[in-house]
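So the structure is just underneath, and the comments pick up after that.
Residue numbers (the numbering used here), protein chains in the order written: chain A, 2 to 617; chain B, 2 to 617.
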């Protein structure tokens with residue numbers, strides 16, 4: 002079984018919490034997503050790498066294929082992310098696969114003697130190698146290769162294929178250190194990613210130059226080295242040094258990957274100043290540049306954060322990879338600080354901004370995740386389709402989802418000999434130190450989370466249970482007795498000498514919530530959204546009863562004075578729907594309409610959808 | 002003096018109205034804009050062509066310059082549009098210039114023996130000539146060259162330079178006819194413009210193959226010939242034939258130029274079906290894809306029309322060239338049909354969407370024209386600066402403005418021996434047949450337009466005065482006596498035997514108007530805008546009194562229950578400001594704030610601005 006997941010701080014690092022590998026039951030929602038990923042998404046993605054030429058690109062380097070290069074110039078990263086996913090699955094299930102063995106051998110064979118590995122630049126574009134860092138994604142590609150190796154080292158130590166990939170990654174890492182450790186030219190990659198990867202490689206190998214290079218990349222950035230290119234230096238976060246930036250800016254994936262890397266550097270170097278910068282920028286992003294779904298990025302033009310409060314629901318970009326990067330950034334801040342708000346955000350992303358990306362069947366995906374689709378929407382463009390697509394010309398998101406979902410069990414809890422901290426609620430088994438806890442819950446549909454201690458030691462041990470910020474009524478019982486304790490900084494904490502068979506039941510009240518937008522968000526003024534627990538709901542055309550189904554969808558309004566009802570719906574798309582009163586502006590023909598979880602939209606007949614509903 | 006302006010239908014064409022060349026007084030607003038264009042904009046643009054290498058690009062072809070090619074691959078069009086502007090000025094003022102002579106000679110010298118003229122493809126990219134029509138803009142470039150020649154033929158017949166340019170344009174037009182008249186490959190240019198140019202060249206020369214080729218280009222389009230490129234076939238209007246398109250789509254400038262050309266073809270070929278298509282698409286665009294300013298284009302990504310009712314004020318693209326193209330399209334429809342709604346739209350564009358593009362001084366310009374600028378706006382990108390810029394990397398708009406403004410006097414009225422139709426109100430002299438009318442007015446600030454007949458003939462003659470759709474109270478007097486007549490289809494018509502000295506006074510009541518948005522336009526729900534007459538007003542930070550100036554601009558609201566007041570303000574940015582009650586959401590600290598005409602925003606200290614103001 003996997004020894005650890007992504008982002009494991011070294012022992013000497015700043016680290017309020019220690020990550021922990023759980024085992025999720027496939028019956029719970031998170032476990033079911035993980036099982037779907039293994040069964041549907043990962044095989045689909047592996048198949049796509051063959052169909053769309055990503056693997057063939059590497060075989061061009063080894064001389065085993067002589068067709069043209071296919072796809073984006075950074076197409077290797079799809080291979081690397083998929084390999085990372087396969088290694089996490091290898092660790093979770095204990096079973097290796099032909100894809101792992103074949104890909105490890107292919108990468109080893111394709112690597113240059115000096116450690117370079119990038120099929121685009123190794124074939125037709127040797128003259129441009131290392132010459133266009135603002136554009137090339139060469140270190141971004143190296144970063145994803147390294148992350149695959151980190152997954153290999155943590156999931157399959159001793160496996161031949163894992164050792165191959167680790168060796169390949171180290172050779173590339175060593176090349177980067179030789180080329181760039183003493184660079185005075187301010188050389189950085191246009192697309193951050195190498196920073197977090199190098200810190201992780203340091204964590205796996207103990208080789209300090211990787212960490213030093215990552216730290217240097219973080220601080221080298223922001224001096225205009227990368228030039229203006231199409232979208233100006235902000236696009237690359239090269240307009241200001243990270244430490245001086247007053248707010249997040251530019252291309253969202255670049256920004257959140259960079260800041261995830263900055264946290265990794267900060268904790269390993271015990272650089273409290275840099276950690277504070279990452280916390281400050283996180284607050285800035287949350288306060289004025291984050292959607293209700295956790296999605297980030299308001300602009301299609303440059304996949305960028307917009308101006309403050311510029312959050313259009315229809316043109317939300319909210320890229321899937323940005324949500325994944327934001328999840329990873331929040332996880333790192335959670336580990337470093339122990340602050341519940343980061344876990345709150347991980348939860349929001351998981352059930353909304355990230356979950357919406359994937360079709361119910363697990364083999365089709367959104368790249369952008371809007372909060373509204375209009376009647377008459379032109380869905381002909383890949384950046385704003387009406388339905389999820391199986392693959393993309395820039396297919397960064399599907400393999401990114403595969404690696405996240407394959408490692409999801411490593412993001413739900415933290416702990417150690419002193420206790421267990423449960424951040425995300427899912428059925429499964431959690432071992433921290435000498436204690437093991439079984440969790441059973443139908444969360445997020447059910448309000449109750451049942452925990453049973455199945456192994457315990459003799460000394461006191463603390464069970465910490467997160468009370469989400471959306472929950473105003475949480476209570477718990479221990480062995481049937483109500484415990485009168487309030488949440489401290491977002492967690493209910495129970496410290497005691499535990500015994501096998503002890504039972505804890507946590508209840509998080511989930512009445513349907515009407516959410517009104519921040520008044521500075523012009524794009525959704527005069528509307529409200531509905532949520533229950535961590536799940537944001539939406540109105541989709543397919544759920545309209547016949548008198549309303551014939552109306553123009555944009556004329557529908559929510560009667561906020563009518564009661565909202567959470568209704569168990571075993572035959573529905575989700576176990577719990579929300580019933581609300583929806584009518585036309587004229588206020589005739591109002592009807593009770595079932596809203597579905599936002600993340601399940603676009604799984605039926607294509608049609609308009611909205612999260613923010615105009616009020617009557 | 003110019004014999005006629007742009008878009009003069011042939012005698013046999015469908016044509017409800019005949020264009021007419023007026024003489025505008027520099028004291029009126031339109032005349033003042035035209036004077037500013039002559040004095041500031043046109044010299045600025047001519048200077049920029051030198052500074053930014055556009056003229057040097059052509060000198061590379063003639064061997065008189067050996068530096069690199071500069072700017073966009075279609076940089077020649079900036080030269081052609083400027084030359085067109087210079088010729089309209091030549092016609093208006095009677096004075097030729099060195100720029101005209103030099104440029105005419107340069108174009109003649111740079112032209113290939115077969116008629117080809119495109120400095121990008123003539124120098125470094127001969128191999129790609131005619132090989133990438135989806136991208137090349139070669140016919141778009143030819144189109145602007147031809148339009149310069151049309152201006153030359155109409156403004157300076159007999160001038161040597163004019164004859165040179167007409168000859169150059171005809172040689173290029175003849176080359177197009179030879180290459181493409183019998184093309185079966187469906188060859189069309191990725192950027193429409195050649196269609197209207199070829200019809201105009203036919204009108205000037207009487208050479209029918211130009212018209213036939215234009216007609217063929219209109220109908221060849223829409224069969225997916227151009228491929229998907231970056232943004233898909235809709236971007237080029239190549240997804241559906243013009244006649245089959247249910248609504249406007251894709252890149253706005255391409256769409257409106259194409260439809261202007263379609264109207265030209267339709268009227269010359271008496272193709273009522275095609276004319277009806279253009280009218281239908283115009284209605285479609287107006288109903289769901291046009292801003293309050295007349296601007297069109299909701300998306301920065303591909304400079305495109307968005308989905309229906311997708312009209313964000315902050316991310317409005319509303320490109321200046323799109324507004325100019327829309328103005329030209331509306332003018333052609335007005336001439337063809339005589340319908341007042343087209344003149345209404347020309348007026349709206351002129352005082353808002355087009356006027357806003359140009360700084361008060363006439364030498365800085367917006368490319369995109371948003372209806373809102375937020376606190377904290379990142380103005381570092383050319384497509385959304387906080388202030389107007391002197392030039393652009395794609396500088397299509399400034400010379401386009403120069404040619405429009407230089408020919409503005411040809412767009413204000415129509416008429417002939419039977420009468421005069423006044424569509425836009427401006428001080429000036431209007432001669433139609435044997436009658437001449439002097440107009441004096443401070444419109445759009447003043448409600449009154451005074452007309453004096455200064456020459457008359459003995460037979461009855463009809464004076465038609467447009468009553469704008471925004472005006473619900475229009476009346477007129479003839480020689481001091483109130484005339485009881487209602488507007489017919491948008492025009493007040495006076496048919497009589499006129500005498501020298503007859504005086505007509507038209508009053509168009511202009512109370513300040515509170516405009517509420519269409520309820521399907523989510524982006525401005527819960528707001529209102531203010532207008533007076535044809536002029537849309539805006540709230541700009543620079544006008545806030547001190548208690549409000551310190552608040553966050555996005556927290557300001559309009560108290561719609563308080564009276565609005567139009568106030569003469571001789572010292573202000575405009576002669577009439579609108580005073581409205583503006584407060585914070587808390588409703589404390591409300592104050593009377595002066596709103597300025599939207600088109601004058603961003604002429605003072607940079608700061609936030611909005612047209613649509615949240616209601617308390």
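Even for Gly, the Cβ is constructed at its ideal location relative to N, Cα and C.
Can you give me the C-alpha to C-alpha distance between residue i and residue j, rounded to a whole angstrom?
i	j	result
residue 334 (chain B)	residue 343 (chain B)	7 Å
residue 599 (chain B)	residue 428 (chain B)	22 Å
residue 54 (chain B)	residue 364 (chain B)	18 Å
residue 303 (chain A)	residue 237 (chain A)	11 Å
residue 451 (chain B)	residue 351 (chain B)	21 Å
residue 386 (chain A)	residue 614 (chain A)	21 Å
residue 1 (chain A)	residue 362 (chain A)	This structure cannot speak to residue 1 (chain A), because chain A is shown only from 2 to 617.
residue 1 (chain A)	residue 239 (chain B)	With chain A running from 2 to 617 in the structure shown, residue 1 (chain A) is simply not present.
residue 511 (chain A)	residue 389 (chain A)	30 Å
residue 509 (chain B)	residue 475 (chain B)	5 Å
residue 571 (chain B)	residue 609 (chain B)	24 Å
residue 358 (chain A)	residue 217 (chain B)	45 Å
residue 181 (chain A)	residue 131 (chain A)	11 Å
Counting only the same chain and skipping the five closest in sequence on each side, list residues whose C-beta sits under 6 Å from that of residue i.
i	result
residue 199 (chain B)	211, 214 and 215
residue 453 (chain B)	439 and 504
residue 458 (chain A)	435
residue 405 (chain A)	325
residue 310 (chain A)	289, 521 and 522
residue 234 (chain B)	225 and 240
residue 380 (chain A)	386 and 387
Here's the rule: buried if 16 or more other CB atoms are within 10 angstroms of the residue's CB, otherwise exposed. What is residue i?
i	result
residue 230 (chain B)	exposed
residue 209 (chain B)	exposed
residue 372 (chain B)	buried
residue 346 (chain B)	buried
residue 61 (chain A)	buried
residue 96 (chain B)	exposed
residue 410 (chain A)	buried
residue 480 (chain B)	exposed
residue 251 (chain B)	buried
Might you give, ordered along the chain, the residues of its own chain that have their beta carbon closer than 8 Å to the beta carbon of residue i, omitting 5 neighbours on each side?
i	result
residue 149 (chain A)	81, 82, 84, 85, 88, 166 and 170
Could you name the residues of the same chain whose beta carbon sits closer than 7 Å to that of residue i, not counting the 5 residues immediately before and after it, in chain order?
i	result
residue 141 (chain A)	75, 78, 190, 192, 194 and 195
residue 500 (chain A)	454 and 457
residue 295 (chain B)	324, 327, 346, 349, 350, 353 and 354
Determine whether the beta carbon atoms of residue i and residue j lie at a separation below 8 Å.
i	j	result
residue 268 (chain B)	residue 15 (chain B)	yes
residue 20 (chain A)	residue 430 (chain A)	no
residue 118 (chain A)	residue 173 (chain A)	yes
residue 17 (chain B)	residue 338 (chain B)	yes
residue 433 (chain B)	residue 421 (chain B)	yes
residue 279 (chain B)	residue 264 (chain B)	yes
residue 197 (chain A)	residue 262 (chain A)	yes
> Using Cβ-Cβ distances below 8 Å, what residues of the segment 375-387 of chain B are close to chain A?
Replying inline: Under the 8 Å Cβ criterion, the segment 375-387 of chain B contributes 375, 376, 377, 378, 379, 381, 382 and 384.
> Closer than 8 Å, Cβ to any Cβ of chain A: which residues of the segment 515-545 of chain B, in chain order?
Replying inline: 520, 521, 523, 524, 525, 526, 527 and 528
> When Cβ atoms are compared, which residues of the segment 307-334 of chain A fall closer than 9 Å to chain B?
Replying inline: 307, 308, 309, 310, 311, 313, 314, 315 and 316
> For the segment 542-576 of chain B, which residues have a CB atom closer than 8 Å to at least one CB atom of chain A, in sequence order?
Replying inline: Residues 553, 555 and 556.
>> So if I threshold CB-CB distances at 9 Å, which residues from the segment 63-97 of chain A count as touching chain B?
In response: If the cut-off is 9 Å between Cβ atoms, the segment 63-97 of chain A has nothing near chain B.
> What residues in the segment 16-45 of chain A bring their beta carbon closer than 8 Å to a beta carbon of chain B?
Replying inline: none
> Which residues, in chain order, does the segment 582-597 of chain A contribute to contact with chain B at a C-beta distance below 8 Å?
Replying inline: 586
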